[in-house]
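2 protein chains.
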Amino acid sequence: MTDAPMTAPAATATAGEVISRYLTEQAGNFLRALPQAVGEAGARPGALPSLNSPAGSGGTLELLRAVRRVGGALHTFGAVFEPGWAHESRAELRWLLNLLAQEPAYQRRSARLLAAVDSLSGAAPAGEGGPGMLAGHQGAPKARALLDRQLTLARTRAHSTVLQELRSARLHALADRMTLLVGEAPLVEPARGKAGEVLPSQAAAAFAALGAAVQALPLRRAATAYQGDALHRLGGAEPAGPAVVVPPQGRTGDADSALAADDAPWHRVRILLKRARYALEVCGRPGDQLVELDRVLDCHQEAADAAVTAATAARTPRITPATAYVLGVVHADQRLEVEAARFAFGSRWPELPLSLDGWEGPPGQRMG
Amino acid sequence: MTDAPMTAPAATATAGEVISRYLTEQAGNFLRALPQAVGEAGARPGALPSLNSPAGSGGTLELLRAVRRVGGALHTFGAVFEPGWAHESRAELRWLLNLLAQEPAYQRRSARLLAAVDSLSGAAPAGEGGPGMLAGHQGAPKARALLDRQLTLARTRAHSTVLQELRSARLHALADRMTLLVGEAPLVEPARGKAGEVLPSQAAAAFAALGAAVQALPLRRAATAYQGDALHRLGGAEPAGPAVVVPPQGRTGDADSALAADDAPWHRVRILLKRARYALEVCGRPGDQLVELDRVLDCHQEAADAAVTAATAARTPRITPATAYVLGVVHADQRLEVEAARFAFGSRWPELPLSLDGWEGPPGQRMG
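First to last, the sequence lines map onto chains H and V.
Sequential numbering of the first sequence, starting at 1, is according to the numbering used here.
Sequential numbering of the second sequence, starting at 1001, is according to the numbering used here.
Right under this line is the structure:
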């Protein structure tokens, strides 16, 4: 992410000045992207199954980027803001994030799963290697069509919800909040402190939270290739926090909840890592390695979600055994991608120079 | 394999003396194990599906060990033997190997696949970690029963064939050949040369063949974890030699033949690696690292065979979609094991001290 170049805060800048400058920029991005995103959503027939009309194009993605950054800054540097306002703003930003992120997520999931079927069944574009283990399998086209149909339906539903809400009073109120942020973020006393003193301690807390969450991951196992941990030996049956929803039905729920519990700590780390990454941005520090790890955990999340979709599709009534068989292969393939992402994370994390100890505060302080 | 401790040949020993000593020992093992294996096969009801009566116990495994070693020595050091006799002997040993190896192979495949289903469905013995991605899935017990039934049937058939042949004239003739080997291997002129001069050049040829075959493997890709190479992007559609059997049926055959072509070069390396390993034994050199790689390629072969069994079971008529789905997961899981074995091989091979160049001949020569 090189498109948020922060000029290094001068040694004399206050915390409020540095954070206001960041929020002004991000809120500006938000306000510029909002009408574009609304226009895109209105112009896009949600029911179109084609992948040629990307749901997450232009405005929507820009809007999501800004929403994540403003929300992250309000969370990490919460001490410098008026608490009630910051709390409400974060809740509203979370609402918009959940609203907008769904459709592009379904789009990416569809692209991922259809590409997996194509690659496994050897129908991938020429030049990408030989056939897959499902080459010529009669169940492959059926499984592909089933996944496509179910994800298109989900995407259409998400699109309708977006269309409804994009003209709501709630969104207008949030836009007003963002307008306020341009130059006028409601700050409190600690904002008057020197940026080099106030911001690092709060960013350090974000890194501490990330470090603690990573500590709880089975990182040593993950860094050993082919442990089969994302397929076998899932991390305990007990739900790992409120993120895990135990489905009501009995038997098929066993695996779903076990997988959800296994993935939950990784999803949690993903959120904390994004926060740490945006905290570095606020402080004008480079965070290329965090960006890379963020990408790895995005893949982890997307593969885990895609695996759930494949498993759910396999429970569709009246499908043929051949279709179900292909979906089983695809499900395992996506869990393998989950394991691969964990391996990539486990191999790279220990090499990170920016542990909490190594994080020495924003350049303003270091130059001063 | 520490149970074939060769006393290092003296510097003055002839090639014939060294190789005769080795063959005498192995032929002795063969002759001791044969009646035991015959007795075991007769006492074992082949139809028993229980895993408590291991097909490859005691005598049979000892017999297989001796057969592999004598065959390997006759191949690698062929120049010191009477050619017609060596050629016939190897053909007969191959026949016995194929005959005897099947039942234990089905036994191991059964154990591997049932353990995979148990582990994936979370029914593995306690203490082996949490549930798997198929925990509580209704198709798991059915898929397990189907695999068990089909492999028991295959094992029973293999057993009947063994029972038939174990009393055949062909086996008696082979036993006579082995008896001849005890001290009286039919040698030709080169056997009179010094062991340290004759044997290394022939062992070196075995290593050269191994090295060339390994060179042809996609080793760099294999040594990078999670390339998905054993599931996606199989190594070209063209059959890689006579080992590949292209099945007659059309569409389901696509994947089968692609997988077979992908695995064939690895199976070939496995055979060459065993030969190189036994060549080291003949020369009284330690070969622990080859033993380890041999084990890895055995796993590769067994996982590849197990994957085929799972795919074949999924084509059984009238199975439920849930059963087929579980078999799809198991199939992918075994292909993942194939990939894991390739990764293990690709990571270890470059560290081998015994390349052809590093292989300096038997200790006899080095001490002399």
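Just so it is clear, CB atoms sit at the ideal spot from N, CA and C, and this is done for glycine as well.
To the nearest angstrom, report how far apart residue i and residue j are at their CA atoms.
i, j, result
"residue 1293 of chain V", "residue 1346 of chain V", "10 angstroms"
"residue 233 of chain H", "residue 165 of chain H", "42 angstroms"
"residue 48 of chain H", "residue 107 of chain H", "Legend: pLDDT at residue 48 of chain H = 46, less than 50; position of this residue unreliable, no value from coordinates given."
"residue 329 of chain H", "residue 1109 of chain V", "20 angstroms"
"residue 1116 of chain V", "residue 1311 of chain V", "14 angstroms"
"residue 1306 of chain V", "residue 1258 of chain V", "16 angstroms"
"residue 337 of chain H", "residue 1337 of chain V", "14 angstroms"
"residue 365 of chain H", "residue 33 of chain H", "Annotation note: pLDDT 37 at residue 365 of chain H (below 50); position unreliable, no value reported."
"residue 1081 of chain V", "residue 1196 of chain V", "17 angstroms"
"residue 1162 of chain V", "residue 1102 of chain V", "9 angstroms"
"residue 193 of chain H", "residue 201 of chain H", "12 angstroms"
"residue 157 of chain H", "residue 269 of chain H", "29 angstroms"
"residue 1026 of chain V", "residue 1183 of chain V", "11 angstroms"
"residue 1314 of chain V", "residue 1332 of chain V", "12 angstroms"
"residue 87 of chain H", "residue 189 of chain H", "17 angstroms"
"residue 1136 of chain V", "residue 1120 of chain V", "10 angstroms"
"residue 228 of chain H", "residue 204 of chain H", "34 angstroms"
"residue 1127 of chain V", "residue 1118 of chain V", "Interpretation of residue 1127 of chain V is limited by its pLDDT of 49, a score under 50 that renders its predicted location unreliable; the figure taken from the coordinates is listed afterwards. Rounded to whole angstroms, residue 1127 of chain V to residue 1118 of chain V spans 13 angstroms at the Cα level."
"residue 14 of chain H", "residue 220 of chain H", "41 angstroms"
"residue 90 of chain H", "residue 71 of chain H", "5 angstroms"
"residue 1198 of chain V", "residue 1131 of chain V", "57 angstroms"
"residue 1029 of chain V", "residue 298 of chain H", "58 angstroms"
"residue 140 of chain H", "residue 105 of chain H", "23 angstroms"
"residue 38 of chain H", "residue 349 of chain H", "38 angstroms"
"residue 1319 of chain V", "residue 1309 of chain V", "15 angstroms"
"residue 206 of chain H", "residue 285 of chain H", "14 angstroms"
"residue 1303 of chain V", "residue 1334 of chain V", "5 angstroms"
"residue 1288 of chain V", "residue 1274 of chain V", "12 angstroms"
"residue 1243 of chain V", "residue 1061 of chain V", "Any reading at residue 1243 of chain V is ruled out, since the residue's pLDDT is 39, under 50, leaving its predicted position unreliable."
"residue 1142 of chain V", "residue 1256 of chain V", "24 angstroms"
"residue 1177 of chain V", "residue 218 of chain H", "57 angstroms"
"residue 93 of chain H", "residue 216 of chain H", "28 angstroms"
"residue 1154 of chain V", "residue 1160 of chain V", "10 angstroms"
"residue 972 of chain V", "residue 344 of chain H", "Within the shown structure, residues of chain V are numbered from 1001 to 1368, placing residue 972 of chain V beyond reach of any answer."
"residue 85 of chain H", "residue 185 of chain H", "10 angstroms"
"residue 43 of chain H", "residue 36 of chain H", "10 angstroms"
"residue 100 of chain H", "residue 168 of chain H", "14 angstroms"
"residue 180 of chain H", "residue 1225 of chain V", "49 angstroms"
"residue 51 of chain H", "residue 122 of chain H", "Low confidence applies to residue 51 of chain H: its pLDDT is 44, below 50, so where it sits in the model is not reliable enough to give any reading."
Residues of chain V with CB closer than 7 angstroms to the CB of residue i, please, in chain order.
i, result
"residue 327 of chain H", "1325 and 1328"
"residue 412 of chain H", "Nothing can be reported for residue 412 of chain H: it is not among the residues displayed for chain H, which extend from 1 to 368."
"residue 115 of chain H", "Within 7 angstroms Cβ-Cβ: nothing; residue 115 of chain H doesn't reach chain V, min ~10 angstroms."
Where DSSP assigns a beta bridge to residue i, which residues make up the other side?
i, result
"residue 1187 of chain V", "V:1081"
"residue 1224 of chain V", "According to DSSP, which records beta bridges pairwise, residue 1224 of chain V is partnered with nothing at all."
"residue 14 of chain H", "H:194"
For a contact defined as C-beta to C-beta under 9 angstroms, what are the partners of residue i on chain V?
i, result
"residue 320 of chain H", "1321 and 1324"
"residue 303 of chain H", "Near residue 303 of chain H there are no residues of chain V at all, since even the closest Cβ is about 11 angstroms away, more than 9 angstroms."
Taking Cβ-Cβ distances shorter than 8 angstroms, what residues in chain V pair up with residue i?
i, result
"residue 120 of chain H", "1231 and 1232"
"residue 206 of chain H", "Chain V residues near residue 206 of chain H: none, gap ~30 angstroms exceeds 8 angstroms."
Name the chain H residues that come within less than 9 angstroms of residue i, Cβ to Cβ?
i, result
"residue 1300 of chain V", "The contacting residues do not exist; residue 1300 of chain V stays about 12 angstroms from chain H at best."
"residue 1332 of chain V", "120, 133, 231, 328, 329, 330, 331, 332, 333, 335 and 336"
"residue 1101 of chain V", "Within chain H, no residue comes near residue 1101 of chain V; the closest Cβ sits about 25 angstroms away, beyond 9 angstroms."
Cβ closer than 7 angstroms: which chain H residues qualify as neighbours of residue i?
i, result
"residue 1259 of chain V", "133"
"residue 1335 of chain V", "133"
"residue 1216 of chain V", "Correct list: empty, because the minimum Cβ distance to chain H is about 15 angstroms."
"residue 1264 of chain V", "Result: empty, since nearest Cβ-Cβ is about 13 angstroms, beyond 7 angstroms."
"residue 1306 of chain V", "Here the premise fails: no neighbours, minimum Cβ distance about 13 angstroms."
Spell out whether any CB of chain C is found under 9 angstroms from the CB atom of residue i.
i, result
"residue 339 of chain H", "This model lacks chain C altogether; the protein chains it does include are H and V."
So with CB distances below 8 angstroms, who are the chain H contacts of residue i?
i, result
"residue 1225 of chain V", "225, 226, 340 and 343"
"residue 1145 of chain V", "Those within 8 angstroms of residue 1145 of chain V in chain H number zero; the least Cβ separation is about 15 angstroms."
Pick out the complete alpha helix (DSSP H) segments inside the stretch 1244-1308 of chain V, 4 residues or longer, and give them in chain order.
-> 1251-1282
Output the residue ranges of the alpha helix (DSSP H) runs that lie fully inside the stretch 138-162 of chain H and measure 4 residues or longer, sorted by chain position.
-> none
Flag this pair as touching only if the stretch 13-22 of chain H and the stretch 77-87 of chain H have three or more C-beta atom pairs under 8 angstroms; answer yes or no.
-> yes
Mind pulling the alpha helix (DSSP H) runs of 4 or more residues that sit fully within the stretch 1314-1358 of chain V?
-> Whole alpha helix (DSSP H) segments, 4+ residues: 1321-1348.
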